[in-house]
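In our numbering, the protein residues as written are 3 to 162.
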């Protein structure tokens, strides 16, 4: 009889764990979607202002994909692929986008989870050598995991 109780207890624990993990996953997915919408809106405004200066083809609504899944859950970093007319120095592109995103974050009262970084930060810029695409990674510093992601990038000597 005690074996039945142990099996029932183990079953209930497994059920509780499954429910907890699914709830946590859904919460994370909602956070990612909300953060991605903020980043997409910021990049839309930035690119409307800068597309001609950065020699990019105009895009009505740029969309992004999640970049940082390999770094761990709840890292809010997204990649954009943008068609360009002519290459610019990546330093110039990064600085212009960071400035525009900083202005957007201030206008929208976005708060950063980091004391040293603004709410939206361009973490990487590079040109694809196979097709005419500019890749831009943008992090939304909305939680400690994303702030730690930026610190890790800096430790790897990647410009942020």
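Beta carbons: idealized from backbone N, C-alpha and C, even for Gly. For clarity, every value in this text was computed on a predicted model and none was experimentally measured.
Alpha-carbon spacing of residue i relative to residue j, whole angstroms
{"i": "residue 7", "j": "residue 16", "result": "14 Å"}
{"i": "residue 157", "j": "residue 150", "result": "10 Å"}
{"i": "residue 48", "j": "residue 102", "result": "5 Å"}
{"i": "residue 69", "j": "residue 53", "result": "23 Å"}
{"i": "residue 123", "j": "residue 132", "result": "26 Å"}
{"i": "residue 107", "j": "residue 19", "result": "38 Å"}
{"i": "residue 134", "j": "residue 85", "result": "6 Å"}
{"i": "residue 152", "j": "residue 21", "result": "32 Å"}
N-terminal and C-terminal residue of the beta strand (DSSP E) that residue i is part of
{"i": "residue 123", "result": "122-129"}
{"i": "residue 84", "result": "79-85"}
For residue i, three-class secondary structure by DSSP
{"i": "residue 66", "result": "strand"}
{"i": "residue 140", "result": "strand"}
{"i": "residue 58", "result": "strand"}
{"i": "residue 135", "result": "strand"}
{"i": "residue 111", "result": "coil"}
{"i": "residue 45", "result": "helix"}
{"i": "residue 105", "result": "helix"}
{"i": "residue 91", "result": "coil"}
{"i": "residue 31", "result": "helix"}
{"i": "residue 53", "result": "coil"}
Contacting residues, own chain, Cβ-Cβ under 6 Å from residue i (five flanking each side not counted)
{"i": "residue 34", "result": "none"}
{"i": "residue 127", "result": "92, 95, 96 and 138"}
Buried versus exposed, by CB contacts within 10 Å (16 or more), residue i
{"i": "residue 44", "result": "buried"}
{"i": "residue 82", "result": "buried"}
{"i": "residue 100", "result": "buried"}
{"i": "residue 3", "result": "exposed"}
{"i": "residue 55", "result": "exposed"}
{"i": "residue 59", "result": "exposed"}
{"i": "residue 143", "result": "buried"}
{"i": "residue 40", "result": "buried"}
{"i": "residue 113", "result": "exposed"}
Boundaries of the alpha helix (DSSP H) in which residue i is found, first to last residue
{"i": "residue 148", "result": "146-157"}
Cut-off 8 Å between Cβ atoms - residues of its own chain near residue i, not counting five sequence neighbours on either side
{"i": "residue 30", "result": "75 and 76"}
Residues of its chain near residue i, where Cβ-Cβ distance is below 7 Å and the 5 sequence neighbours each way are ignored
{"i": "residue 42", "result": "64, 65 and 66"}
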